[in-house]
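Chemist:
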Amino acid sequence: MAVIQAGKSFGTGVIAAEDGTILTAHHVVRGAEDVSVTFADGTKAKAVVTSSNPKRDVATLKPAELPEIVVPATLGGAVSVGAPVVAIGNPLGLTYSVSTGVVSGLNRTAEDGDLSGLIQFDASVNPGSSGGPLLDARGLVIGIVVSIADPGGDEAFAGIAFAVPIGAALGGGDGDGPPGDGPQI
């Protein structure tokens, strides 16, 4: 996992490959010219956006420098309503925070219909959590956190959050299945 600073934007990323490629939310790095990452061991590096899919709100980053030991996440597959989940991120700048919940719904739409096919869950996330992994009970990454329901317009968690299924995040289509022919990670 990594903390991502992109201009004034702050978010989270997950190491998705042994070469250190990081998967994150597109809106965290959108338009930023200066992107930096801080890994869990404290290693800091500049990074470049290597691919981006605004329609899915996902992007991949390539850091200029890697920690001594790189441990990519293990990617999972399908999930069902009621399944326990864990969200890891940097909500409100509180680095490497963990929250738990359950999958509340599948194939949801968020951001006024701009994002669809999402996993709805109730683990607490807030600004800074975007781009972080949503894990299943076995610790497999099943999604990338991209949005919260924000009925008050105050960017505060209202009990509903959304993640792009990992298969869709990697370009594998609209389902919850394993990755397809998406970004080269």
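Just remember that the working numbering sits 1 ahead of the position in the sequence shown, which is counted from 1.
Ideal Cβ positions, reconstructed from N, Cα and C, are used throughout, including at glycine.
These numbers come from a predicted model, not from an experiment.
#1: Only counting the same chain, and skipping five residues up and downstream in sequence, which positions put a Cβ closer than 8 Å to that of L228?
#2: Taking only runs of the beta strand (DSSP E) that begin and end inside the stretch 70–112, which ones reach a length of at least 3 residues, in chain order?
#3: Leaving out five residues on either side along the sequence, give the residues of the same chain with a beta carbon under 6 Å from the beta carbon of N108.
#4: If you draw a straight line from the alpha carbon of A111 to that of A150, how long is it in whole angstroms?
#5: Pull up the CB-CB distance for V104 and V86, whole angstroms please, since I reckon it's below 8 Å.
#6: Taking the straight line between their C-alpha atoms, what separation do you get for G153 and I70?
#7: Does the stretch 155–163 come close enough to the stretch 33–48 to have 3 or more Cβ pairs within less than 8 Å?
#8: How would you call P92, buried or exposed, if buried means at least 16 neighbouring beta carbons within 10 angstroms?
#9: Here's a check: name, in chain order, each residue in its chain whose Cβ is nearer than 8 Å to the Cβ of L135, leaving out the five neighbours to either side.
#10: Just the Cα atoms here: how many angstroms apart are L24 and G14?
#11: Got a sec, what are the start and stop residues for the beta strand (DSSP E) V49 sits in?
#12: With distances taken from CA atoms, which of H27, E19, P55, V29 is nearest P68?
#13: Determine the closest residue to D113 out of T101, R139, S148, with distance taken between C-alpha atoms.
#14: What do you reckon, are the CB atoms on V36 and Q6 nearer than 9 Å?
#15: Is it buried or exposed, R139, if we count other Cβ atoms within 10 angstroms and call 16 or more buried?
#16: How far does the alpha helix (DSSP H) with I167 in it reach, from first residue to last?
Modeler: In this structure, then:
#1: As displayed, the chain neither begins before 2 nor continues past 186, which places residue 228 out of reach and without an answer.
#2: The DSSP assignment places 85–90, 98–111 as complete runs of the beta strand (DSSP E) inside the stretch 70–112, in order along the chain (cut-off: 3 residues).
#3: Excluding sequence neighbours, N108 sits near G118.
#4: The straight-line gap from Cα to Cα measures roughly 7 Å.
#5: About 6 Å; that satisfies the 8 Å criterion.
#6: Cα to Cα, G153 sits roughly 42 Å from I70.
#7: No contact exists between the stretch 155–163 and the stretch 33–48.
#8: Classification of P92: buried, given that the 10 Å Cβ count is 16 or more.
#9: Excluding five sequence positions before and after L135, the CB atoms of its chain that fall closer than 8 Å to its own CB belong to V86, V87, A88, I120, F122, A124, V142, I143, G144, I145, V146, A164, given in chain order.
#10: Each residue's alpha carbon lies about 6 Å from the other.
#11: For V49, the enclosing beta strand (DSSP E) begins and ends at 45–54.
#12: Checked all of H27, E19, P55, V29; the closest Cα to P68 is E19.
#13: Among T101, R139, S148, the Cα nearest to that of D113 belongs to S148.
#14: A distance below 9 Å separates the beta carbons of V36 and Q6.
#15: R139 counts as exposed, since fewer than 16 other C-beta atoms from the protein chains shown sit within 10 angstroms of its C-beta.
#16: Element bounds for I167: 167–170.
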